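> Residue numbers (the working numbering): 25 to 187.
We treat Cβ as the ideally placed atom computed from N, Cα and C, and that holds for glycine.
Predicted model, so just to flag it, every value in this text is computed and none were measured.
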Amino acid sequence: ADALSRRASGQPQKDGDGSAWSVSEDWETERGLVNDLFLIQQTDSTSGMLVTELCNRFKEEPLFLEIIEALFSLDSDKPERERRRAKHRALGYIVEDGRLWRIADGKSTRARARVECVTKKEAMVLAKEAHENNGHWGRDLTKLQLMDRIASPSLDQSIVTAL
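1) Taking the straight line between their C-alpha atoms, what separation do you get for A186 and E104?
2) So, under 8 angstroms CB-CB, E140 and W125 are touching, yes? Tell me the CB distance rounded to an integer number of Å.
3) Using the beta-carbon count (16 or more within 10 Å), is L179 buried or exposed?
4) For L170 and A154, I'd like the C-alpha separation in whole angstroms.
5) Quick check: the Cα distance between I174 and S97, rounded to an integer number of angstroms?
6) Kindly indicate the opening and closing residues of the beta strand (DSSP E) around V139.
7) Expressed to the nearest angstrom, what Euclidean distance is found between the alpha-carbon atoms of G34 and G40?
8) Out of curiosity, what's the CA-to-CA distance linking M73 and A27?
9) For R123, does the three-state DSSP call read helix, strand or coil?
10) If we call anything under 8 angstroms between Cβ atoms a contact, is F82 one with T166?
11) Bridge partners of I92, per DSSP?
12) Could you tell me the distance, in whole angstroms, from the CA atom of E84 to the CA atom of E146?
13) For A175, does the three-state DSSP call read helix, strand or coil?
14) Under 8 angstroms by Cβ, that's how I've got D99 and R136 pegged, so tell me the actual separation to the nearest angstrom.
15) Which residues does DSSP list as the beta-bridge partners of I118?
16) Using three-state DSSP, classify G34 as helix, strand or coil.
17) Run through DSSP, which three-state label would K144 get?
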């Protein structure tokens with residue numbers, strides 16, 4: 025690449041030959057756009073209400089509550105080690121449309137790129153509906169169907185309780 029970049033050095037320069045280009049010749053630069061933001065967050069009152077709603081919804085689910093706190097940086101009062109662990113766990117989750125989603129992380133073999141996170145109580149209701157609406161399948165087939173749509177701690181226990 026060095027020889028290629030130096031091949032025109034010492035040659036006469038003409039308009040349009042690329043000699044006046046800067047380091048970045050992207051379409052954004054040509055149009056005067058500067059993209060130096062890596063993260064855009066809402067800072068209005070709806071964001072605060074969203075966090076409160078999510079925390080209230082998952083108040084009995086320590087795993088999801090820890091992830092929500094890490095995603096919204098609400099864990100500043102916790103020790104550094106716990107914050108780092110929570111940030112690491114939160115890498116596989118996003119908040120979109122007011123809901124918490126578990127996203128594909130490249131490690132697991134999930135059928136869907138993202139699944140909605142639900143509480144144990146919500147998982148029991150969904151398990152009961154899936155069991156009744158789909159021919160009274162057993163625990164394993166009900167679990168397979170639900171794992172395509174939801175993520176919930178102790179999903180097996182929720183299904184057994186619902187059936």
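Looking at the coordinates:
1) Reading the sequence shown from its first residue, position 162 is the one you call residue 186. Reading the sequence shown from its first residue, position 80 is the one you call residue 104. About 39 angstroms.
2) Along the sequence shown, read from residue 1 onward, the residue named residue 140 stands at position 116. Along the sequence shown, read from residue 1 onward, the residue named residue 125 stands at position 101. Between W125 and E140 the Cβ distance is about 6 angstroms, and since that is below 8 angstroms, they are a contact.
3) The residue given as residue 179 occupies position 155 in the sequence shown. Classification of L179: buried, given that the 10 Å Cβ count is 16 or more.
4) As a working mapping, residue 170 is identified with position 146 in the sequence shown. As a working mapping, residue 154 is identified with position 130 in the sequence shown. Computed Cα separation, rounded: 8 angstroms.
5) As a working mapping, residue 174 is identified with position 150 in the sequence shown. As a working mapping, residue 97 is identified with position 73 in the sequence shown. Answer to the nearest angstrom: the Cα atoms are 25 angstroms apart.
6) Position 115 of the sequence shown holds residue 139. 138-141 is the extent of the beta strand (DSSP E) around V139.
7) Mapped onto the sequence shown, residue 34 falls at position 10. Mapped onto the sequence shown, residue 40 falls at position 16. Cα to Cα, the separation comes out at about 17 angstroms.
8) Here residue 73 is taken as the residue at index 49 of the sequence shown, counted from 1. Here residue 27 is taken as the residue at index 3 of the sequence shown, counted from 1. If you take the alpha carbons of M73 and A27, they lie about 58 angstroms apart.
9) Position 99 of the sequence shown, counted from the first residue, corresponds to residue 123. Judged by DSSP in its simplified three-state form, R123 adopts strand.
10) The residue you call residue 82 lines up with position 58 of the sequence shown. The residue you call residue 166 lines up with position 142 of the sequence shown. No.
11) As a first step, residue 92 is located in the sequence shown; it is residue number 68 there, counting from the start. For I92, which the question treats as bridged, DSSP gives no partner whatsoever.
12) On the sequence shown, position 60 is the one that residue 84 refers to. On the sequence shown, position 122 is the one that residue 146 refers to. When rounded, the distance between both Cα atoms is 12 angstroms.
13) If you number the sequence shown from 1, residue 175 lands on position 151. Three-state DSSP puts A175 in a strand.
14) For this step, residue 99 is matched to residue 75 along the sequence shown. For this step, residue 136 is matched to residue 112 along the sequence shown. The pair is not a contact, with the Cβ atoms about 28 angstroms apart (cut-off 8 angstroms).
15) As a position in the sequence shown, residue 118 is number 94, starting the count at 1. Note: I118 sits in a beta bridge opposite W125.
16) Indexing the sequence shown from 1 puts residue 34 at position 10. Note: G34 maps to coil in three-state DSSP.
17) The residue you call residue 144 lines up with position 120 of the sequence shown. In the structure shown, K144 sits in a helix (DSSP, three-state: H, G or I).
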